[in-house]
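Asker: Just so you know, the protein sequences line up as chains P and X, in that order.
Under the UniProt record's numbering, read the first sequence as residues 1 to 437, first letter to last.
Under the UniProt record's numbering, read the second sequence as residues 1 to 257, first letter to last.
Idealized CB from N, CA, C, for every residue including glycine.
On a predicted model such as this, the values are computed, not experimentally measured, just so you know.
Attaching a single structure in C-alpha cells format; questions to follow.
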Amino acid sequence: MSQSPAPMPFIDALRDAGNLRLPGSGLAWLDAARRENLEAFITAGLPDTRAEAWKYTALRALGQRRFALGDAAAASHPVDPYALTLPGIDGPRLVFVNGVFRADLSRLEALPPGLSLQPLSRVLENDPEPLRFALSRHYREAGDAFARLNAALAGDGVVLRVAPGVRVGKPVHLCFAGTPAQGDAAWHVRNVIELGEGAELDLVEHHLATAQHKHLATLVSDIVVRDGAKLQHALLQNAAEESTLIRRGSMHLGAKSQATLHVLELGGALVRHDLHAELRGDQARLDTRGVFVLRGRQHVDTQLSIRHQALNTASESIWRGVADERARGVFRGAIVVAEGADGSDASLNNKNLLLSAQAEIDTKPELEIYADEVKAAHGATVGQLDERALFYLRSRGLPNAEARALLTSAFCRAVFAALPNETLRDHFSDALLAHLP
Amino acid sequence: MLKIENLHARVEGKDILKGLTLTVNPGEVHAIMGPNGAGKSTLGNVLSGRDGYEVTAGSVTFEGRDLLALEPEDRAAAGVFLAFQYPVEIPGVNNTYFLRAALNAQRKQRGEAELDSMQFLKLVREKLKIMQISDELLHRAVNEGFSGGEKKRNEIFQMAVLEPKLAILDETDSGLDIDALKQVAQGVNALRSPDRAFLVITHYQRLLDYIEPDFVHVLADGRIVESGDKTLALKLEEHGYAWVNDHDPALANEARA
C-alpha cells in the first residue's frame, strides 16, 4: 500500500503557477525553462533536513504556509522614496517593491557611459536573447531547491553590465523593498550582473521593509567579474522581521580580477544565504566579510562555498555571527582548492557570539585541498561576551545594555573595517547596533 | 562619605572579609595594606560591585546610600571609581569613544547635560596634560597592546576624566617600575582635592612614598587589625607583616592555635 505524502500547502499553492503570465511569457525557450523548473520543484517538494545542505534549517513550518503568486498591486503601493535612501549612496538606483520594478522610485536618468542598468522585466520585453543562457539554467542540487522555484517564477530583477575598462564612479544601489499586500505573497527576483574586462563597480544591495509583512522572497544573482575587473559589493539585509528571504548568489572571477563582498544580515524570520564563488582565472582574489546579528526567534543560515580553480588565487573570508534570545544561526564555509590551483591562498575565519543561553549557532568550516603549495587556514569559534570586559565597562558607568552592545559591535568590527565607503560603514555599524535587543 | 561596617564577604564559598569596618571622609587618603590573601582586592571588588562576591553580613553606605544595592554602573554614577589591578584589554573598542560614552552615561544618570565631542575633546586635552599621557593611546582600543605602565596610567587618566568622589586604587603599583610608579602617583596627587577621597590598596609601602596617606590600615585575615598614620606603613616596611600578627594578640593566638 502506498501512502500519499502529507499535504503541503506551500506546494499546493503552486499548482496553477504554470498559467501565470510573467514578463517574457510567450518566449518559447523561457516558457520551457520555467515549466521544467516548476515541475521539478513541485515533484521534489521542499527539501528536508536529511539533505546535507538543509541539515540545520528545517522547512516544515514553511511547507505549511500558503503564499500568493506574487503581489498584483506591487506596481502601485505607495512607497516613500526617502525610506529607500542610504547615507553616502547617491548614484543610480534600481528599486523593486515586492519583486516588481518601480520606475517611479528608481534613478536611471543620466547613467554614466559604459554602464547598462535595466530591470529584467524590460529586457525580457525588448531584447531577451542575451539572457537565454542564464535563464535556461537547470538547478539540480538539493541546496538549490529555491533557485529552481526562482527560475520558474522570477519575472523581474536587475540586468547590469559594465563595459570593459569602464570605471563606474558612483555606487549603484539595488533596492529590494517588501511592503504589506493582501495576504502573504511570494516573489522572485533574478539578477544578472557582469563586469567586463578591467571594469570597476561599487554595488550596494539593500533589502528592506517599508512596514511589517510575512512575504517570502527568493533572489538569485549571477555575477561575472571578467579578467582584471574589480567589484565592491555591499549587502545590507534589513528585511521585515517576519519575512522569509532565500538568496543565492554565484560569482565567477576571471584572471587578476578582484571582488570584495560585505554582508550585514539583520532582518527576516527565516533567511538562507548561499554564495557560490569560483575563482576561475589565475591570480583572482575574493574577499568576503559578513556578519549576522539575530534576536527573537530569527533563523539565519549562511552557506559559503568558494572554489579555487586557477593558479595563485586568493580568498579571505571573515564572518561573524551574533545570536541573542532564542535565535539560531548557521554558518557553513566550504573552501575547495581544486587540482591544479597551485599557489592558492585561502583563509576562513568564523567567530560567533552567543548572547543568551537559549541562542544557538552551528558553524562548520570545511577545507578540501587537491593542489600543491597551497596556503590555507581556517578556524571557527563559538563563545560568549567576556564578563571581565563587561564589568570593566560597567564599572566606568556604562549601563549593562550599552556595555553589551559596545562589546558586541566591537566583536563584529573586523568585518567592516575594510569597507571603503566610510559613510556606509558608519551606517552599517549603526544598523547593527540598532538591531541589538 | 564611605562607611563600611562589619563587612563580611565570601568568594566561591570561602569567607574572605570577616568584619571589616572603615570610615572615609571627603579629602582623605586611606591606605589599605596587607599580606597576600588578606582580602585587599576583595574589598575593592565588593565596593565596585563585581559579580561573584557575596556579602554575608555588614553594610556599606556611600553618602548615605546603600552602596551594595547599586549596580556597578550606578555606583560609578554615584562617584565611585575603581582603578583595576589588571585593566582589561577590549579589542575593537576605541579608548576615547569608550570614555566619552562612560562619562555621558554617568552624566545622564545624574541628570546632567551630556558633553558633545568638542566639549569632550577639550576636557580630554586638559586631563592629558595632568597625566602626561600620549594622546596616541587615546586612538587605540581600550588597553589593547598597552604596556603595564600604560595600562595603569590609562586607569588614572580615566579617573581624571570621570572625576569620581571616591577613587579606589587596587594595587595600582603592582608591576610598575619606579618611573612608571612616579608618573602614576603624580597623576593621583594632581587629583587630590578636599572633596575627593582615595582608598589606596597596596601590598608594598613604596607607593606611599609618592602618595602620602592620611591614614594607614593593616588588613589581615579579612579585618583591619591596625590603623595609624603614615608612620605605620614605615613600620610595616621595616618589620614585615609578621610584625602585625605578633602585635595583635587575637591574631597571634589564632596563629599559635
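Where do the ends of the alpha helix (DSSP H) carrying M159(X) lie?
Answerer: First-last of the alpha helix (DSSP H) with M159(X): 148–162.
Asker: Using the beta-carbon of each residue, which ones in chain X are nearer than 7 angstroms to F411(P)?
Answerer: Within 7 angstroms Cβ-Cβ: G92.
Asker: For the pair the segment 108–128 of chain P and the segment 213–233 of chain P, tell me if three or more CB-CB distances fall below 8 angstroms.
Answerer: No contact exists between the segment 108–128 of chain P and the segment 213–233 of chain P.
Asker: Using a Cβ cut-off of 9 angstroms, pull out every chain P residue sitting near V55(X), in sequence order please.
Answerer: Near V55(X) there are no residues of chain P at all, since even the closest Cβ is about 17 angstroms away, more than 9 angstroms.
Asker: For R426(P), which of helix, strand or coil comes out of DSSP?
Answerer: Sequence check: residue 426(P) is Asp here, not Arg. Note: D426(P) maps to helix in three-state DSSP.
Asker: With DSSP collapsed to three states, give me the class of residue 282(X).
Answerer: A query on residue 282(X) cannot be resolved here, the shown segment of chain X reaching from 1 to 257 and no further.
Asker: Could you work out which residues of chain P lie near R50(X), taking near to mean beta carbons separated by less than 7 angstroms?
Answerer: Ordered by position in chain P, the residues that pass the 7 angstroms Cβ test against R50(X) are F391.
Asker: What residue range is occupied by the uninterrupted beta strand (DSSP E) comprising N126(P)?
Answerer: Per DSSP, N126(P) belongs to no beta strand (DSSP E); it is in the alpha helix (DSSP H), 120–126.
Asker: Determine whether the beta carbon atoms of V95(P) and V123(P) lie at a separation below 7 angstroms.
Answerer: Contact: no.
Asker: Suppose only complete runs of 4+ residues qualify. What are the alpha helix (DSSP H) ranges in the segment 24–102 of chain P, listed by chain order?
Answerer: DSSP runs (the alpha helix (DSSP H)) wholly in the segment 24–102 of chain P: 28–44, 60–63.
Asker: Tell me H139(X)'s beta-bridge partners as DSSP assigns them.
Answerer: For H139(X), which the question treats as bridged, DSSP gives no partner whatsoever.
Asker: Around the C-beta of E254(X), are 16 or more other C-beta atoms found within 10 angstroms, so that it is buried, or is it exposed?
Answerer: Residue confidence is low: E254(X) scores 48 on pLDDT, short of 50, so the model does not pin down where it sits. No coordinate-derived value is stated.
Asker: Here's a check: name, in chain order, each residue in its chain whose Cβ is nearer than 6 angstroms to the Cβ of R285(P), leaving out the five neighbours to either side.
Answerer: Closer than 6 angstroms at the Cβ level, and outside the excluded window around R285(P), lie Q258, A314.
Asker: Is the shortest distance between the beta-carbon of P164(X) and the beta-carbons of chain P less than 7 angstroms?
Answerer: Not closer than 7 angstroms to any Cβ of chain P, the Cβ of P164(X) fails to qualify, so no.
Asker: Does the beta carbon of A9(X) sit closer than 7 angstroms to a beta carbon anywhere in chain P?
Answerer: No, no contact with chain P.
Asker: Nearest to A199(P) by CA position, among H188(P), Q232(P), N191(P), A181(P), is which residue?
Answerer: Nearest C-alpha to A199(P): Q232(P).
Asker: Shortest alpha-carbon distance to T9(X) belongs to which of T23(X), L47(X), I130(X)?
Answerer: As written in the sequence, residue 9(X) is Ala, which differs from the Thr given in the question. The shortest Cα separation from A9(X) among T23(X), L47(X), I130(X) belongs to L47(X).
Asker: By DSSP, does A257(X) sit in helix, in strand, or in coil?
Answerer: The predicted model places A257(X) with a pLDDT of 42, which falls under 50 and marks its position as unreliable, so this point remains unresolved.
Asker: Just the C-alpha distance for L203(P) and A73(P), rounded to the nearest angstrom, thanks.
Answerer: Answer to the nearest angstrom: the Cα atoms are 28 angstroms apart.
Asker: Hey, V88(X) and A410(P): beta-carbon distance below 7 angstroms or not?
Answerer: Contact flag unset, no.
Asker: List, in order along the chain, the chain P residues whose C-beta lies closer than 9 angstroms to that of E73(X)?
Answerer: Within chain P, the residues near E73(X) are L393, R394, S395, R396, G397, L398, P399, N400, E402, A403.
Asker: In angstroms, rounded to a whole number, what distance separates the CA positions of T244(P) and D80(P)?
Answerer: So the two alpha carbons sit approximately 23 angstroms from each other.
Asker: Based on the DSSP output, what are the partners of S193(X) in its beta bridges?
Answerer: R196(X).
Asker: Provide the residue(s) that pair with N238(P) in DSSP beta bridges, ordered along the chain.
Answerer: BP columns for N238(P) point to L208(P).
Asker: Can you round the beta-carbon distance between G281(P) and V189(P) to whole angstroms, since I take them to be within the 8 angstroms contact cut?
Answerer: Incorrect: roughly 28 angstroms between the Cβ atoms, too far for contact.
Asker: Over what stretch of residues does the beta strand (DSSP E) that includes V172(P) continue unbroken?
Answerer: Element bounds for V172(P): 172–178.
Asker: Does the distance from the C-beta atom of A197(X) to that of M1(X) stay below 7 angstroms?
Answerer: Their beta carbons are under 7 angstroms apart, which means A197(X) touches M1(X) by this criterion.
Asker: How far does the beta strand (DSSP E) with L166(X) in it reach, from first residue to last?
Answerer: Where L166(X) is concerned, the enclosing beta strand (DSSP E) stretches over 166–170.
Asker: Nearest to F292(P) by alpha carbon, out of E109(P), L264(P), D156(P)?
Answerer: For the residues E109(P), L264(P), D156(P), the minimum Cα distance to F292(P) belongs to L264(P).
Asker: Along chain P, in chain order, which residues have C-beta atoms closer than 9 angstroms to that of Q158(X)?
Answerer: Neighbours of Q158(X) on chain P, chain order: R396.
Asker: Under 7 angstroms between C-beta atoms, does L433(P) make it to chain X?
Answerer: Chain X contact via Cβ: absent.
Asker: Helix, strand or coil for N352(P), going by three-state DSSP, please let me know.
Answerer: Residue state, collapsed to three classes: strand.
Asker: Roughly how many whole angstroms lie between the Cα atoms of F416(P) and S317(P)?
Answerer: Looking at the two C-alpha atoms, the distance is approximately 12 angstroms.
Asker: Closest to F146(P) by C-alpha separation, out of L59(P), G379(P), G290(P), would be which residue?
Answerer: Considering only alpha carbons, the answer is L59(P).
Asker: For Q309(P) versus E278(P), is the C-beta distance shorter than 7 angstroms?
Answerer: Closer than 7 angstroms, so yes.
Asker: Give me the residue from A40(P), A269(P), H427(P), M8(P) with the minimum Cα distance to L235(P).
Answerer: The option with the nearest alpha carbon to L235(P) is H427(P).
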